[in-house]
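Read in the UniProt record's numbering, the sequence shown has 13 at position 13, and its numbers run on one by one without any break. For each residue, glycine too, the CB sits at the ideal point set by N, CA and C.
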Amino acid sequence: MNKMKVTIFNQNYGPYETEDGNKGIFANCQTLSDYSENGNKNGMQIGKTPVDTSNDFAVSKQIEAELRAKQGSIDVFATFGLGVSQGKTTLLIKSIEIPKGQ
């Protein structure tokens, strides 16, 4: 599994039900990348990243607690792995670690 430093500024998780009666669960967070430059492209990227839903949304609940405690965005080391999101294999956050000194 790969670790990457990311900034998380929003999270959302829970059950859902579509208008046609399909039910499921979801978990994701919004992340902000570090500044980067590549030719005429530069800046920071905003992305929505799936989060592991196992253990009753344990990772999402940890992210939620850290965001509440900080009342702002959090910098974390996220461990990524493969999982299933909307029936497709995808890269998702499997765990987070708060850097020491934060």
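- Judged by pairs of C-beta atoms under 8 Å, the region 3-17 touches the region 28-42, as three or more such pairs exist.
- Counting C-beta pairs closer than 8 Å gives fewer than three between the region 33-45 and the region 56-64, which falls short of the contact rule.
- Nearest Cα to LYS61 within the set ILE93, MET4, GLY21: ILE93.
- Counting only residues of its own chain and dropping the five nearest sequence neighbours on each side, ILE46 has a CB closer than 7 Å to the CB of GLN30, LEU32.
- The beta carbons of PHE26 and TYR35 sit about 30 Å from each other, so the pair does not count as a contact at 8 Å.
- For LYS23, the closest C-alpha among the options GLY83, MET4, GLY87 is that of GLY87.
- Beta-carbon to beta-carbon, PHE77 and PRO99 are separated by about 6 Å, close enough to satisfy the 8 Å threshold.
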